[in-house]
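*Asks:*
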Amino acid sequence: MDELKEKLAFISDMDGVIYHGNRLLPGAKEFVDWLNANNKKYLFLTNSSERTPRELREKLSRLGIDVPEEHFYTSALASV
Ligand SMILES: [Mg+2]
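The opening position of the sequence shown corresponds to residue 6 in my numbering, with each subsequent residue numbered one higher.
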């Protein structure tokens, strides 16, 4: 775990990791708070092409987590 905490950057899936449907999963907010508090770089990935980074930000915001748009990377962006 200490080795993991020393990493500079994190890439995380969202669906099933951060939330499940419209429910925030345990530890998700603490994880994002920890990323911010420790100045980690991070990116949330999704293979859902239906939502834009803005919509993903809004979704997380509704669940109580504020993550700026530039921290999201979707399959639609990858296709472009
Ligand atoms: Mg998933």
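Cβ coordinates follow ideal geometry from the N, Cα and C atoms, glycine included.
1) What does the alpha-carbon distance come out to for the pair S84 and R56?
2) Relative to the C-alpha of A81, which residue among A14, S53, E74, R62 is closest?
3) Less than 9 Å between the beta carbons of I16 and L50, yes or no?
4) Going along the chain, which residues of its own chain have a beta-carbon closer than 8 Å to the beta-carbon of Y24, five neighbours each way excluded?
5) Could you please give the first and the last residue of the uninterrupted beta strand (DSSP E) stretch that includes S17?
*Replies:* In terms of the structure at hand:
1) As a first step, residue 84 is located in the sequence shown; it is residue number 79 there, counting from the start. As a first step, residue 56 is located in the sequence shown; it is residue number 51 there, counting from the start. Whole-angstrom Cα-Cα distance: 14 Å.
2) Numbered from its first residue, the sequence shown carries residue 81 at position 76. Here the closest residue by C-alpha is S53.
3) Taking the sequence shown and counting its residues from 1, one reaches residue 16 at position 11. Taking the sequence shown and counting its residues from 1, one reaches residue 50 at position 45. Yes, Cβ-Cβ distance for I16 and L50 is below 9 Å.
4) Counted from its first residue, the sequence shown places residue 24 at position 19. Excluding residues within five positions, the ones whose Cβ falls inside 8 Å are L30, A33, K64, L65, L68.
5) On the sequence shown, position 12 is the one that residue 17 refers to. Start and end: 14-18.
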